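Below is one structure, written out as structure tokens, with a few remarks after it.
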Amino acid sequence: MKEVSFAPSILSADFSRLKEEVEEVDGEADYIHVDVMDGHFVPNITIGPLVSNSLKRVESIDTPLSIHLMITDPEEYGPEFEVGPEDLIIFHSEVTDDPERTIATLRDQGCQVGISQKPASDREEIFPLLDKLDEVLVMGVEPGFGGQDFTPEALDRIAALRREIDKRGTDTAIAVDGGMNESTIGDAVAAGADTIIAGSAVFGKPDRVEALESLRRSI
Ligand code: DX5
Ligand code: ZN
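Numbering (the working numbering), first residue to last: 2 to 220.
Rendered as structure tokens:
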């Protein structure tokens, strides 16, 4: 079976002890997922560069970041995130009239770049961009909050993307974000997802290492 990557989302972590929370999954996870929300693109406000950059500077944490920008101005605020070649910044297709320019602006930071779409957005719009992207993040829920139920329609989107990526021969990863747990992960991986982003199924559990192992066993 192919290797599946895991990105625990700190949205479900205890922010008063964020360093310790992330240390618990460091070395076990492939990315730490950072959900950035601006109260405009989604009806919620979370964290921005200040917190992400503090986390990035913690020397005891080695896991790369996947920074999910649910904001209306990724070209303005994306460059404020401190990132290296191993980190990933993901923006939403709905907020830009020139996605190639947005990709180039973020890529100038020296990081990897991904794109995401809300569940109702036209998936074919992003097909021509696949060779310029390291990841496509498929939302399993309406973006904005953790702990929502997975919408099975996302499986069609994952499968369509997998076919298109294979047809074009790009090595774009497919991540799925929202509603991932022991009951939903198997279908997402079977449909073609490479990376599982999970908040409540990891940081909502008392033992985060066991929570990641439990997800792995459920594939
Ligand atoms: C939702 C965020 C997700 C969220 C997932 O808008 O993008 O990353 O943290 O949370 P769970 O895994 O609890 O659905
Ligand atoms: Zn996310």
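The beta-carbon is built from N, C-alpha and C at its ideal position, and this holds for glycine as well.
Predicted, not measured: the structure shown is a model, and the values here were computed from it.
Requested in this report: May I ask whether a heavy atom of ligand 1 can be found less than 6 Å away from the beta carbon of D31?
Outcome: No - ligand 1 has no heavy atom lying nearer than 6 Å to the Cβ of D31.
Requested in this report: Assuming D279 and T64 form a contact by the criterion Cβ under 8 Å, report the distance between their Cβ atoms to the nearest whole angstrom.
Outcome: Because the chain spans 2 through 220 in this model, residue 279 falls outside it and cannot be assessed.
Query raised in the report: Is D39 near ligand 2, with its Cβ less than 6 Å from a heavy atom?
Result: no
Requested in this report: For A121, count neighbouring Cβ atoms within 10 angstroms of its own Cβ and tell me buried if that reaches 16, exposed if not.
Outcome: exposed
Query - Exposure label - A191; buried when at least 16 CB within 10 Å - result: exposed
Query raised in the report: Do P86 and G49 have their C-beta atoms closer together than 7 Å?
Result: The Cβ-Cβ distance between P86 and G49 does not fall below 7 Å.
Requested in this report: May I ask you to check if the CB of S201 is nearer than 6 Å to at least one heavy atom of ligand 1?
Outcome: Yes, since a heavy atom of ligand 1 falls inside the 6 Å radius drawn around the Cβ of S201.
Query raised in the report: Should D150 be counted as a contact of ligand 1 given a C-beta to heavy atom distance under 6 Å?
Result: no
Query raised in the report: Taking DSSP as the reference, what is the three-state secondary structure of L134?
Result: coil
Query raised in the report: DSSP three-state call for F128: helix, strand or coil?
Result: helix
Requested in this report: May I have the straight-line CA-CA distance separating I197 from Q118, to the nearest angstrom?
Outcome: 16 Å
Query raised in the report: Smallest Cα separation from A30: which of R58, S55, A199?
Result: A199
Query raised in the report: T106 and E81: beta carbons closer than 7 Å?
Result: no
Query raised in the report: In chain order, which continuous runs of the alpha helix (DSSP H) of length 4 or greater are located wholly inside the stretch 21-85?
Result: 50-57, 75-78
**Report entry** For V142 and D178, the rounded distance between their alpha carbons
**Finding:** 7 Å
Report task. Name all residues in chain order for which at least one heavy atom of ligand 2 lies closer than 6 Å to the residue's CB. Result -> S10, H34, D36, H69, D178, I198
Report task. Work out the CA separation of S94 and T171 for me, nearest whole Å. Result -> 19 Å
Query raised in the report: So A194 is in the alpha helix (DSSP H); what residue range does that whole segment cover?
Result: That residue, A194, is in no alpha helix (DSSP H); it is neither H nor E in DSSP.
Query raised in the report: According to the neighbour-count rule (16 or more other Cβ atoms, all chains shown, within 10 Å of its Cβ), is V59 buried or exposed?
Result: exposed
Query raised in the report: Can we count P50 as close to ligand 1, meaning its CB is less than 6 Å from some heavy atom?
Result: Checking the Cβ of P50 against ligand 1 gives no.
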